[in-house]
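Top to bottom, those sequences are chains S and E.
Per the working numbering, residue -2 is the first one in the first sequence, and the count goes up by one each step.
Per the working numbering, residue -2 is the first one in the second sequence, and the count goes up by one each step.
Cβ coordinates follow ideal geometry from the N, Cα and C atoms, glycine included.
Single-structure report; data block below.
Number of protein chains: 2
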Amino acid sequence: MDTTQRTDQQRSADRRRRELLEAADRVVLRDGPQASMNAIAAEAGITKPILYRHFGDKGGLYAALAKRHTDALLDSLRAALDAPADRRERVEATLDTYLAAIEARPQVYRFLMHPAEGGQVGDQGFDVGKHSAPLLRRMGEELATVIEERLDLGPGSQQLARVWGHGIVGMMHAAGDWWLGERPCSRAELVRSLADLLWGRLAAAGDRMGGPGF
Amino acid sequence: MDTTQRTDQQRSADRRRRELLEAADRVVLRDGPQASMNAIAAEAGITKPILYRHFGDKGGLYAALAKRHTDALLDSLRAALDAPADRRERVEATLDTYLAAIEARPQVYRFLMHPAEGGQVGDQGFDVGKHSAPLLRRMGEELATVIEERLDLGPGSQQLARVWGHGIVGMMHAAGDWWLGERPCSRAELVRSLADLLWGRLAAAGDRMGGPGF
DNA sequence: ACGTGCGTGTTACTAGCGGTAACCCTAGTT
DNA sequence: AACTAGGGTTACCGCTAGTAACACGCACGT
């Protein structure tokens, strides 16, 4: 049998693939999202066609790259969401985990979310468009299932959970993106403010004097 | 004086600019976001360098194009937010206005938010990366000022309003994006669900039997 | 009448990208 | 020794954004 053969080859291919991904990671983190296939190949010490043999096209390479980071992020988010604490604490922990992640590795975040930024002359960078959605979508769907599993929302709970899942993820994403750019407050404050929003402080707030209020 | 001269010239230039933008609009809506400068120039009945004289580079053209749509959208949002009704009604009206807009002209929306989608072979499309953020940012900032003006949030209200502004906009955006792709429910239901979320139903929901709940 | 700018337009080009076809070379099998 | 199978390279294609350099036309000041 050639099973051992196959395994050997597959192993070798997988190792190669990982090496290539790590090289791609380095280049993307160094050159920003407009990293070219040439540059990645050079960093990996090989030439373009090999990249294409492994990943099909640039989108494939990007998808593989994004999957690594996305999976890691989702794992830590799940952990935070599963910790033994009450609901509000866990919501805050999850928000904080996400924000800490994008704070710790902003280049990775920018790569995943903001394709062409800082492109100098040629602006053909990674087309994250097809893939950044998947990250948000995955987070939204996962959160939706968690909500639907654990919360009692009455009739129509599944629909509601999905809307909320995507909505909350979008809130976290947009607020985090803005916060990462401007750093207007500490992470803890941001987390608290967002949790307050989710906890209904918007509805509970009083109107300012005069006028009908927001 | 050559003021009249100047004015004439400026008028002519402005008219030209508008014509070019409308041509660009047509092409972008027809070909999707990977519309090339060549194609836009051809649609406008002229050649590339003129485009570059008017808009500097592709980003400039895009920015001008995006500004038109963004301004229009922001106007209708402001109107909805300023209508005479109570807070919840106006929040719902604003959400509905946004969702109705992206529902009515999904191509425009996709162009503004999802640069390269449906690209066939060459994937160098519009680099919306630098500009899609501005749309979300502008909406977030505007909402923030509205919140800060009209709501009594106690100390730290400005910070809080900004976080909420960006957070709510992000929620709306992500939920709308997901909804537009999957159409899992009617617009009215989506609006209701999001408003419910903002109104604290997440915090108020009971845990499901067993386990610590979400 | 006549150059002289100046705005408007074109052709023809560069540099670089993603992607691919064709070849090459070495290692292991028979 | 001959042969196949992968890993690798060179050299190319078609396309893109962006730019120089040149050409027409039309109002001006003298």
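Asked	Found
Taking only beta-carbon positions, decide if G168/S is within less than 8 Å of chain E.	According to the sequence shown, residue 168/S is Met rather than Gly. Taking Cβ atoms only, chain E reaches closer than 8 Å to M168/S, which makes this a yes.
Once you ignore the five residues that flank M34/S on each side, which residues in its own chain have a CB closer than 7 Å to its CB?	K45, L48 and K55
Quick test of your reading: L109/S and L132/S, contact by CB under 8 Å. State the CB separation rounded to the nearest angstrom.	6 Å
Tell me which residues share the same chain as L194/S and place their Cβ nearer than 8 Å to its Cβ, disregarding the 5 neighbours each side in the sequence.	M168
Leaving out five residues on either side along the sequence, give the residues of the same chain with a beta carbon under 7 Å from the beta carbon of E145/E.	S154, Q155 and A158
Consult DSSP for D54/S and reduce its assignment to one of helix, strand or coil.	coil
Check the Cβ-Cβ distances between H163/E and every residue of chain S, and say whether any is below 8 Å.	yes
Step through the CB atoms of chain S and report whether any lies within less than 8 Å of the CB of Q104/E.	no
What residues from chain S crowd round V160/E, counting only those whose CB sits closer than 7 Å?	A172, L187, S190 and L191
I want to verify the contact list: residues of chain E whose CB lies under 9 Å from the CB of L74/S, in sequence order.	Result: empty, since nearest Cβ-Cβ is about 13 Å, beyond 9 Å.
Go ahead and pull the three-state DSSP assignment for G203/E.	strand
For a contact defined as C-beta to C-beta under 7 Å, what are the partners of R134/S on chain E?	W175
For chain E, check one thing: does any of its Cβ atoms lie closer than 8 Å to the Cβ of A202/S?	yes
With 16 other CB atoms within 10 Å as the buried threshold, where does G162/S fall?	buried
Just curious, the alpha helix (DSSP H) that L195/E is in, first and last residue?	R184 to L195
Counting beta carbon pairs with one atom in the segment 179 to 193 of chain E and one in the segment 11 to 24 of chain E, are three or more of them shorter than 8 Å?	no
Give the interface partners of L157/E over in chain S, defined as CB-CB distance under 7 Å, in chain order.	S190
How far does the alpha helix (DSSP H) with A97/E in it extend, from its first residue to its last?	R84 to A101
For the alpha helix (DSSP H) that contains R180/E, what are its first and last residues?	Looking at the DSSP string, R180/E is not in any alpha helix (DSSP H), and its letter there is neither H nor E.
Using a beta-carbon distance below 8 Å, is G53/E in contact with chain S?	no
On the three-state DSSP scale, how would you describe A63/S?	helix
Should G137/E be flagged as near chain S, meaning a C-beta pair shorter than 8 Å?	yes
Use the C-beta contact count for A201/E: other C-beta atoms within 10 angstroms, 16 or more gives buried, fewer gives exposed.	exposed
Does the beta carbon of L48/E sit closer than 8 Å to a beta carbon anywhere in chain S?	no
Compare the beta carbon distance of D197/S and G197/E with 8 Å and say whether it is the shorter of the two.	According to the sequence shown, residue 197/S is Gly rather than Asp. Cβ atoms of G197/S and G197/E: closer than 8 Å.
Report the three-state DSSP secondary structure of S9/E (helix, strand or coil).	helix
Note down, in chain order, each residue of its chain lying with its Cβ closer than 7 Å to the Cβ of A20/E, except the 5 sequence neighbours on either side.	I37, E40 and A41
If the cut is a Cβ gap below 8 Å, which residues of chain S does P152/E touch?	The premise fails here: P152/E is roughly 12 Å from chain S at the closest Cβ pair, so nothing lies under 8 Å.
Taking L26/E as the reference, which of S9/E, R50/E and L62/E has the closest Cα?	L62/E
Could you tell me how far apart the beta carbons of L213/S and P103/S are, in whole angstroms, since I believe they sit closer than 8 Å?	Any answer about residue 213/S is impossible in this case: the structure gives chain S only from -2 up to 211.
When the Cα of L199/E is compared with those of L70/S, R50/S, R85/S and D22/S, which residue comes out closest?	R85/S
Need the endpoints of the alpha helix (DSSP H) that A36/E sits in, please.	M34 to E40
Determine the chain S residues that contact L194/E at a beta-carbon separation under 8 Å, and present them in chain order.	V160, W161, G164, I165 and L195
On a CA-only basis, which of P181/S, R23/S, H51/S and L187/S is nearest S9/S? Give me that one, please.	H51/S
Rounded to the nearest angstrom, how far is the Cβ of L78/S from that of T67/S, given a contact under 8 Å?	With a Cβ gap of about 16 Å, L78/S and T67/S do not count as contacting.
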